[in-house]
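Participant: I'd like to ask some things about the structure below.
2 protein chains.
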Amino acid sequence: MDTKKVDRRVRKTRKQLRDGLARLMEKKSIRDIKVKELVEEVDINRSTFYLHYSDIYDMLSKIEEELIEEIEEALRQYPLGEGRKSMDFLCRMFEIMEENREIYKALCGQNGDANFVVRLENMVGSEALRSLATLFEQVPKREISFLYAYCLNGCLGMVKMWLIYDGKETPEEMAGLMVRMVTNTLREYHDAQEKSAIS
Amino acid sequence: MDTKKVDRRVRKTRKQLRDGLARLMEKKSIRDIKVKELVEEVDINRSTFYLHYSDIYDMLSKIEEELIEEIEEALRQYPLGEGRKSMDFLCRMFEIMEENREIYKALCGQNGDANFVVRLENMVGSEALRSLATLFEQVPKREISFLYAYCLNGCLGMVKMWLIYDGKETPEEMAGLMVRMVTNTLREYHDAQEKSAIS
DNA sequence: TTATTAAACGACACAATGATGAAAAATGAA
DNA sequence: TTCATTTTTCATCATTGTGTCGTTTAATAA
Chain A
1 MDTKKVDRRV RKTRKQLRDG LARLMEKKSI RDIKVKELVE EVDINRSTFY LHYSDIYDML
61 SKIEEELIEE IEEALRQYPL GEGRKSMDFL CRMFEIMEEN REIYKALCGQ NGDANFVVRL
121 ENMVGSEALR SLATLFEQVP KREISFLYAY CLNGCLGMVK MWLIYDGKET PEEMAGLMVR
181 MVTNTLREYH DAQEKSAIS
Chain B
1 MDTKKVDRRV RKTRKQLRDG LARLMEKKSI RDIKVKELVE EVDINRSTFY LHYSDIYDML
61 SKIEEELIEE IEEALRQYPL GEGRKSMDFL CRMFEIMEEN REIYKALCGQ NGDANFVVRL
121 ENMVGSEALR SLATLFEQVP KREISFLYAY CLNGCLGMVK MWLIYDGKET PEEMAGLMVR
181 MVTNTLREYH DAQEKSAIS
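The listed protein sequences derive, respectively, from chains A and B. Heads up, the first sequence is in our numbering, so the first residue is 1 and it goes up one at a time. Heads up, the second sequence is in our numbering, so the first residue is 1 and it goes up one at a time.
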């Protein structure tokens, strides 16, 4: 990584700002966190903030970018395909989220950023459910998008629940539970497929 | 209703402001809509805005309040219980959302308000899934909250999909599809229940 | 040690906010 | 229609946060 190449001072201030933002987001909505407030929280000159970000939302979106990137890397590492691979990815995803639980909690919670959730959804969704593509062939065209939305948002709901209520479940347990949920939802179509395979 | 009791001027300005906000929200995120901008959009004096709302977010939350209230009324009208009642409520809910599709789209979409979605979720969720309480008895305690989160967020995902992509499905079709999805998800537990009833 | 780079500092014009009091306009009730 | 009431408008003001700059100070990598 180019992590080592960045000036220590830059690393330090970015970390301070990021931690400070997470701290402030626990207390209040991002909508009324001011640049001035943040730099006072972490005791950094306001000019310095503008050296790194153009405003609070720019900063937020750059943090989100890093988080998304981390998940994308996991997707590359465990390219989805057959069952086992999906589990591996999901486990890794929950691990990543556990490591950054505070910021994920803030972003996915009540005062969170709907945009971030949508981005997560699109990225994971388009990949994660691709492995179930064959199942979807049995679904009537008109229903596909709703079935897709149902499963995807359902999974995201589980993630949110786990994040926000500080769930003690291990990444493995969560991944297993999630796969079971989706499997149940798709069983109807799965059964139909088996039937048509027999006849 | 006290709708008639409010001064015509007040009704007029509130409506202007509300429509103007919806118009602005199509173009940009609520986060950078300014009071000044809104009052210029609808050609109303800035002081007048402050006569009604303390700021843009106060205005938004009051609009949300009205929307929530409308759904709550539907819940009172069709108190959930057994199957048929749930369908009636869901149909009515989709009707309400269809009538206000633009504002719902804005609030539930990418630039939407996470807080509003959470409120919808809590209200509908706590009521709508109560009717399935008996089914949930069969679910292991540890899994209940995740099953709940999965179903609830899955349903919400369907709603969002329908709103955002201007789904042409009728409220009845959507309600039916939604019930089917949840039923499928719960089938595993439902079957277990039947088995245990036999043994 | 030294050249480079980042952070701090002070200053600036600017935009939006929120509040105020008084004048003008619209309204509902008689 | 008239009139008292209420809302909206208007001009003004102090306040706060924004974004940008040039300079100085300090930390860093080599």
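Cβ atoms here follow ideal geometry from the backbone N, Cα and C, with glycine treated the same way. Keep in mind the model is a prediction, meaning the values are calculated, not measured.
Can the beta-carbon of Val-39 (chain A) be found less than 7 Å from the beta-carbon of Arg-46 (chain A)?
Facilitator: Yes, these two residues count as a Cβ contact at 7 Å.
Participant: Please classify Leu-202 (chain A): does DSSP put it in a helix, a strand, or coil?
Facilitator: Outside the shown range of chain A (1 to 199) lies residue 202 (chain A), about which nothing can therefore be said.
Participant: Which residue from B:Ile-56, B:Leu-80, B:Leu-75, B:Glu-64 puts its Cα closest to that of Phe-116 (chain B)?
Facilitator: B:Glu-64
Participant: Do Leu-156 (chain B) and Asn-153 (chain A) have their C-beta atoms closer together than 7 Å?
Facilitator: yes
Participant: Would you verify that the beta carbon of Thr-48 (chain B) is, or is not, closer than 7 Å to some beta carbon of chain A?
Facilitator: No, Thr-48 (chain B) does not count as interfacial toward chain A.
Participant: Taking Asp-113 (chain B) as the query, report the chain A residues whose CB atoms sit under 9 Å from its CB, ordered along the chain.
Facilitator: Ala-114
Participant: Kindly list, in the order they appear in chain B, the residues whose Cβ is closer than 8 Å to that of Thr-185 (chain A).
Facilitator: Gly-154, Met-181, Asn-184, Thr-185
Participant: Does any C-beta atom of chain A lie closer than 7 Å to the C-beta of Ser-54 (chain B)?
Facilitator: Not an interface residue.
Participant: I'd like the span of the alpha helix (DSSP H) that includes Tyr-104 (chain B), first residue to last.
Facilitator: 101-108
Participant: For the alpha helix (DSSP H) that Lys-36 (chain B) lies in, which residues bound it at each end?
Facilitator: 35-42
Participant: Please report the residue range of the alpha helix (DSSP H) in which Lys-168 (chain A) lies.
Facilitator: Unbroken run through Lys-168 (chain A): none, as it is neither H nor E.
Participant: In angstroms, rounded to a whole number, what distance separates the CA positions of Asp-2 (chain A) and Leu-107 (chain B)?
Facilitator: Interpretation of Asp-2 (chain A) is limited by its pLDDT of 41, a score under 50 that renders its predicted location unreliable; the figure taken from the coordinates is listed afterwards. Their Cα atoms are separated by approximately 39 Å.
Participant: Inspect the CB distances between the segment 162-173 of chain A and the segment 158-166 of chain B and report whether three or more fall short of 8 Å.
Facilitator: The segment 162-173 of chain A and the segment 158-166 of chain B do not touch, with fewer than 3 CB-CB distances between them shorter than 8 Å.
Participant: Just checking, does the segment 48-61 of chain B make contact with the segment 70-78 of chain B on the three C-beta pairs under 8 Å criterion?
Facilitator: Using a Cβ-Cβ distance cut-off of 8 Å, the segment 48-61 of chain B and the segment 70-78 of chain B are not in contact, since fewer than three pairs of beta carbons, one from each stretch, lie closer than that value.
Participant: Report yes if the CB atom of Ile-164 (chain A) is closer than 7 Å to the CB atom of Lys-105 (chain A), and no otherwise.
Facilitator: yes
Participant: Mapping the DSSP letters down to three states, classify Ser-199 (chain B) as helix, strand or coil.
Facilitator: Summary for Ser-199 (chain B): the model assigns pLDDT 39, below 50, so the residue's position carries little reliability; its value from the coordinates is reported in the next sentence. Ser-199 (chain B): coil per DSSP, three-state reduction.
Participant: Please list, in chain order, all residues of the same chain as Asn-100 (chain B) whose beta carbon is under 7 Å from its beta carbon, the five residues on each side excluded.
Facilitator: Leu-67
Participant: Under a three-way DSSP split, which group does Tyr-57 (chain A) fall into?
Facilitator: helix
Participant: May I ask you to report which of helix, strand or coil DSSP gives Leu-90 (chain B)?
Facilitator: helix
Participant: Roughly how far, in whole angstroms, is the beta-carbon of Ala-114 (chain A) from the beta-carbon of Ala-114 (chain B), given that I think they are within contact range, below 8 Å?
Facilitator: 5 Å
Participant: When DSSP labels each residue in this structure, what does Asp-7 (chain A) get in the three-state scheme?
Facilitator: coil
Participant: Please decide whether Gln-16 (chain A) counts as near chain B, where near means a Cβ-Cβ distance under 7 Å.
Facilitator: no
Participant: Listing by chain order, which chain A residues have their CB less than 8 Å from the CB of Ser-145 (chain B)?
Facilitator: Met-161, Tyr-165
Participant: Go ahead and label Arg-142 (chain B) buried or exposed: buried means 16 or more other beta carbons lie within 10 angstroms of its beta carbon, across all protein chains shown.
Facilitator: exposed
Participant: Since I believe Thr-185 (chain B) is in contact with Cys-151 (chain B) (beta carbons under 8 Å), could you give me their beta-carbon distance rounded to a whole number of angstroms?
Facilitator: 6 Å
Participant: Which term fits Ser-126 (chain A), buried or exposed, when burial requires 16 or more other beta carbons within 10 angstroms of its beta carbon?
Facilitator: That one is exposed.
Participant: List, in order along the chain, the chain B residues whose C-beta lies closer than 9 Å to that of Gly-204 (chain A)?
Facilitator: A query on residue 204 (chain A) cannot be resolved here, the shown segment of chain A reaching from 1 to 199 and no further.
Participant: So what's Gly-154 (chain A) in DSSP terms, helix, strand or just coil?
Facilitator: Helix at Gly-154 (chain A).
Participant: Could you tell me which chain B residues have their CB closer than 8 Å to the CB of Leu-177 (chain A), listed as they occur along the chain?
Facilitator: Glu-143, Phe-146
Participant: Can you tell which of B:Arg-187, B:Asp-88, B:Arg-9, B:Ser-145 has its C-alpha closest to the C-alpha of Gly-167 (chain A)?
Facilitator: B:Ser-145
Participant: For a contact defined as C-beta to C-beta under 9 Å, what are the partners of Tyr-57 (chain A) on chain B?
Facilitator: Ser-29, Arg-31, Asp-32
Participant: So Glu-188 (chain B) contacts chain A; which residues on that side make the cut at Cβ distance below 7 Å?
Facilitator: Asn-184
Participant: Do you know how far the Cα of Arg-14 (chain B) is from the Cα of Lys-62 (chain A)?
Facilitator: 37 Å
Participant: Contact check, Val-118 (chain A) vs Gln-110 (chain B) under 8 Å by CB: the rounded distance?
Facilitator: About 5 Å; that satisfies the 8 Å criterion.
Participant: Evaluate Ser-54 (chain B) with the Cβ neighbour count: other Cβ atoms within 10 Å of its Cβ, from every protein chain shown; 16 or more gives buried, anything less gives exposed.
Facilitator: Looking at its Cβ environment, which holds fewer than 16 other Cβ atoms inside 10 Å, Ser-54 (chain B) is exposed.
Participant: Run down chain B in chain order and give the residues with a C-beta less than 7 Å from the C-beta of Val-118 (chain A).
Facilitator: Gln-110
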